[in-house]
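All letters in the sequence shown, in the order written, are residues 294 to 408 by our numbering. Inspection log for the structure reproduced underneath, given as structure tokens.
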Amino acid sequence: LIMASLGKCTRCNKTCYQNEGFRVGPPGKELVFHKLCLKCQNEGCGWQLTLTSYKFCDGKVWCKNHEPMRGFSNVAHQKGNVTSDAVSVDRALNAPKLGTVNEQIRAGGERNAQV
294 LIMASLGKCT RCNKTCYQNE GFRVGPPGKE LVFHKLCLKC QNEGCGWQLT
344 LTSYKFCDGK VWCKNHEPMR GFSNVAHQKG NVTSDAVSVD RALNAPKLGT
394 VNEQIRAGGE RNAQV
């Protein structure tokens with residue numbers, strides 16, 4: 294019984310046979326991975342991927358959240374490079390404060406009671 298080799302696994306550099314792994318990526322730029330080695334290559338993620346869940350970009354495999362073209366990246370967040378230009382940070386900084394909201398509710402309630 295002869296098993297066909299797909300080549301060396303991109304992640305662990307061991308021989309990968311057909312029943313053990315996949316070839317992913319566009320023709321001519323295919324990468325070989327064992328099933329357990331096919332993980333998101335974003336720093337700090339390592340999400341286990343399948344043939345239906347991986348995204349291929351810039352010669353690497355990504356999960357849908359970290360794909361450079363459409364996903365977001367947690368690398369900037371890990372290294373503390375978040376700026377106030379980010380929409381979520383801007384909304385948090387400019388959100389009404391609890392005391393202000395409570396005063397507006399109380400003031401509105403008192404006016405309604407006087408009428």
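Note that the Cβ used here is the ideal one computed from N, Cα and C, for glycine as well. None of these values were measured; they are calculated from a predicted model.
*What did DSSP end up calling residue 316 once you bin it into helix, strand or coil?*
Residue 316 falls in the strand class under three-state DSSP.
_Local Cβ density within 10 Å of residue 347, reported as buried at 16 or more and exposed below that_ = buried
*Assumed close pair residue 330, residue 302 - CB separation to whole angstroms, cut-off 8 Å*: 5 Å
*Among 341, 334, 345, which has the Cα closest to the Cα of residue 360?*
The shortest Cα separation from residue 360 among 341, 334, 345 belongs to 334.
*What residue ranges within the stretch 310-362 form continuous beta strand (DSSP E) runs of no fewer than 3 residues, ordered along the chain?*
314-317, 324-327, 348-350, 353-355
*asked:* Bridge partners for residue 308 per DSSP, in chain order?
replied: 301
*C-beta contact flag for residue 332 and residue 314 at 8 Å*: no
*What is the rounded straight-line gap between the Cα of residue 352 and the Cα of residue 343?*
17 Å
*asked:* Only counting the same chain, and skipping five residues up and downstream in sequence, which positions put a Cβ closer than 7 Å to that of residue 325?
replied: Here the set comprises 299, 300, 301, 302, 303, 309, 314, 316.
*Can you give me the Cβ contacts of residue 297 inside the same chain, cut-off strictly under 6 Å, excluding the 5 residues immediately before and after it?*
311
*Taking all protein chains shown into account, do 16 or more other C-beta atoms lie within 10 angstroms of the C-beta of residue 354, making it buried, or fewer, making it exposed?*
buried
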